[in-house]
Amino acid sequence: MTAAKILFLVLDGISDRPCPSLGGTTPLAAAHKPVLDKLAAEGICGIMDTIAPGVRPGSDTAHLALLGYDPFKYYTGRGPLECVGTGIDMKPGMIGFRCNYATLSPDGMIIDRRAGRIHDTEALSKAIQEGIDLLEFGVRVTFRSGAGHRAALALEGEGLSHCVSSNDPKKEGVTPLKITPLRKGEKEDRTAAICNEFVRQSTKILFDHPINQARAEQGLAPANIVLMRGAGEMGDFEPFQKKYELSGSVISAASLITGIGKAVGLPHIEVPGITGSQNSNIPGKVAAAIKELETKEFVLMNIKGADESGHDGLCEQEKAFIERIDPLLEPLLALEDTIIIITGDHSTPCCIKDHSADPVPVLIRGKGVRMDDVVRYDEYQCAKGGLGRIRGVDLLPIALDLINRSHKFGA
Numbered sequence: 001m002t003a004a005k006i007l008f009l010v011l012d013g014i015s016d017r018p019c020p021s022l023g024g025t026t027p028l029a030a031a032h033k034p035v036l037d038k039l040a041a042e043g044i045c046g047i048m049d050t051i052a053p054g055v056r057p058g059s060d061t062a063h064l065a066l067l068g069y070d071p072f073k074y075y076t077g078r079g080p081l082e083c084v085g086t087g088i089d090m091k092p093g094m095i096g097f098r099c100n101y102a103t104l105s106p107d108g109m110i111i112d113r114r115a116g117r118i119h120d121t122e123a124l125s126k127a128i129q130e131g132i133d134l135l136e137f138g139v140r141v142t143f144r145s146g147a148g149h150r151a152a153l154a155l156e157g158e159g160l161s162h163c164v165s166s167n168d169p170k171k172e173g174v175t176p177l178k179i180t181p182l183r184k185g186e187k188e189d190r191t192a193a194i195c196n197e198f199v200r201q202s203t204k205i206l207f208d209h210p211i212n213q214a215r216a217e218q219g220l221a222p223a224n225i226v227l228m229r230g231a232g233e234m235g236d237f238e239p240f241q242k243k244y245e246l247s248g249s250v251i252s253a254a255s256l257i258t259g260i261g262k263a264v265g266l267p268h269i270e271v272p273g274i275t276g277s278q279n280s281n282i283p284g285k286v287a288a289a290i291k292e293l294e295t296k297e298f299v300l301m302n303i304k305g306a307d308e309s310g311h312d313g314l315c316e317q318e319k320a321f322i323e324r325i326d327p328l329l330e331p332l333l334a335l336e337d338t339i340i341i342i343t344g345d346h347s348t349p350c351c352i353k354d355h356s357a358d359p360v361p362v363l364i365r366g367k368g369v370r371m372d373d374v375v376r377y378d379e380y381q382c383a384k385g386g387l388g389r390i391r392g393v394d395l396l397p398i399a400l401d402l403i404n405r406s407h408k409f410g411a
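Counting along the sequence shown from 1, when you hit position 148 you're at 148 in the working numbering, and nothing is skipped either side.
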């Protein structure tokens with residue numbers, strides 16, 4: 001008897017390196033998490049290089065790999081995927097950017113790259129959309145808010161290129177960078193000029209906006225500049241259902257993950273109260289995933305909170321988040337007809353506050369799975385598991401085989 005459905009639960013940034021404040025272990029290993037450990041004990045475990053050994057995965061390339069799309073073939077930049085995730089209708093050839101709202105001091109220094117992790121930027125994005133005037137360039141601009149401090153920018157028109165740099169210095173206490181061409185050419189020069197003009201106009205709009213004036217008066221970080229990066233040209237993806245003969249959907253608050261799903265034809269399921277942060281509605285996500293599996297064969301669910309702690313360097317916070325969400329995953333134990341796969345998309349070690357190439361732990365639980373001796377879900381124990389060490393693009397084929405939907409190679 002085999003299972004018939006697949007649930008991918010991606011604990012975004014869950015994997016870490018040893019933290020001195022946790023006695024030299026990782027937040028995942030230090031956490032009390034009986035549900036995750038039970039799932040590990042009832043399945044087979046291993047570790048995974050989402051892209052390849054020694055390659056630091058982006059969240060974009062990682063999720064493409066997890067969905068079975070070789071990022072070396074399909075990846076065209078994060079920006080277009082972020083745009084799709086915010087609801088922008090991206091057509092082939094359009095240029096997309098991922099954006100952050102940030103805080104600029106009166107003397108022009110970046111003092112907070114996430115604007116105090118502001119939660120609601122819809123009014124600010126609307127003001128930018130309505131106030132930007134780039135008619136002299138003959139370019140159509142679409143700017144939308146994403147989750148939290150995130151946003152996306154799309155450019156549509158003639159003579160555009162994705163080969164331009166970012167204005168994000170990726171550190172605080174310095175001025176924003178000027179956007180420049182990454183190669184010689186009229187399109188690159190023109191696109192860089194358009195981007196710099198967008199930054200100039202949008203910064204003025206944001207500085208004058210009542211929301212930011214009120215935030216400054218309240219001692220909060222104003223969201224008064226847009227940092228742009230991850231430029232890419234919208235590509236063309238083979239639909240997931242055609243590629244794998246599976247119906248599916250995506251549950252995530254992160255516009256990037258939503259965008260990747262939409263780009264491959266996986267609809268996004270709306271869940272009230274999900275934020276892409278540590279205050280997200282996890283019970284709502286779990287309930288939505290279980291409901292989707294009543295009619296769908298595949299569900300990808302992303303939970304992002306641990307990644308925030310990693311980027312902020314907060315080991316204890318990450319441990320506490322894992323312990324908080326663990327009991328909320330208990331309804332998954334009742335899924336009998338489903339292969340449950342739990343993993344991370346990448347490691348986000350607190351000690352470096354960024355993604356690393358460290359492999360992530362994987363567990364696979366369900367009917368027909370050959371159980372191993374692992375009884376705890378963490379980086380150390382999963383490394384001893386029967387699954388061994390795999391790559392991200394291997395995971396979906398393994399799952400397809402477990403539900404008897406893979407095809408024989410050879411006679």
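Note that the Cβ used here is the ideal one computed from N, Cα and C, for glycine as well.
According to DSSP, residues forming a beta bridge with residue i
i: residue 112; result: 103
i: residue 277; result: Beta-bridge pairing links residue 277 to no other residue.
i: residue 97; result: 153
i: residue 356; result: 347
i: residue 200; result: Its beta-bridge partners do not exist; DSSP assigns none.
i: residue 25; result: 19
i: residue 46; result: 362, 388
i: residue 249; result: 299
i: residue 11; result: 303
i: residue 174; result: 110
i: residue 164; result: 181
Heavy atom of the ligand ADP within 7 Å of residue i beta-carbon
i: residue 42; result: Within the structure as shown, the ligand ADP is missing, as the structure has no ligands at all.
Delimiting residues of the alpha helix (DSSP H) encompassing residue i
i: residue 398; result: 392-402
i: residue 125; result: 122-131
i: residue 36; result: 34-41
i: residue 255; result: 255-263
i: residue 73; result: 71-74
i: residue 85; result: 78-85
i: residue 380; result: 379-382
Host beta strand (DSSP E) of residue i (start-end)
i: residue 19; result: Looking at the DSSP string, residue 19 is not in any beta strand (DSSP E), and its letter there is neither H nor E.
i: residue 142; result: 140-145
Residue closest to residue i, alpha-carbon to alpha-carbon, out of the options
i: residue 298; options: 105, 288, 131, 305; result: 288
i: residue 283; options: 295, 301, 296; result: 301
i: residue 243; options: 194, 397, 360; result: 397
i: residue 272; options: 253, 260, 265, 262; result: 253
i: residue 33; options: 304, 51, 114, 321; result: 321
i: residue 82; options: 95, 71, 72, 70; result: 95
i: residue 326; options: 3, 9, 5, 47; result: 9
i: residue 386; options: 177, 370, 235; result: 370
i: residue 13; options: 265, 319, 37; result: 319
i: residue 149; options: 141, 129, 124, 134; result: 124
i: residue 21; options: 316, 251, 131; result: 316
i: residue 26; options: 39, 381, 388, 391; result: 381
i: residue 277; options: 344, 119, 365; result: 119
Simplified DSSP state of residue i, which is helix, strand or coil
i: residue 181; result: strand
i: residue 60; result: helix
i: residue 148; result: coil
i: residue 282; result: helix
i: residue 409; result: coil
i: residue 415; result: Outside the modelled stretch of the chain, which goes from 1 to 411, sits residue 415, for which no answer is possible.
i: residue 271; result: coil
i: residue 473; result: Here the chain has residues from 1 to 411 only, and residue 473 is not among them.
i: residue 339; result: strand
i: residue 367; result: coil
i: residue 91; result: coil
i: residue 65; result: helix
i: residue 158; result: coil
Beta strand (DSSP E) runs wholly inside the stretch 207-244, at least 3 long, in chain order: Under the rule that a run must span 3 or more residues, the beta strand (DSSP E) segments found entirely inside the stretch 207-244 read 225-233.
Enumerate, from N- to C-terminal direction, the unbroken alpha helix (DSSP H) stretches of 4 or more residues contained entirely within the stretch 287-337. The alpha helix (DSSP H) runs lying completely inside the stretch 287-337 and spanning 4 residues or more are 305-312, 315-325, given in chain order.
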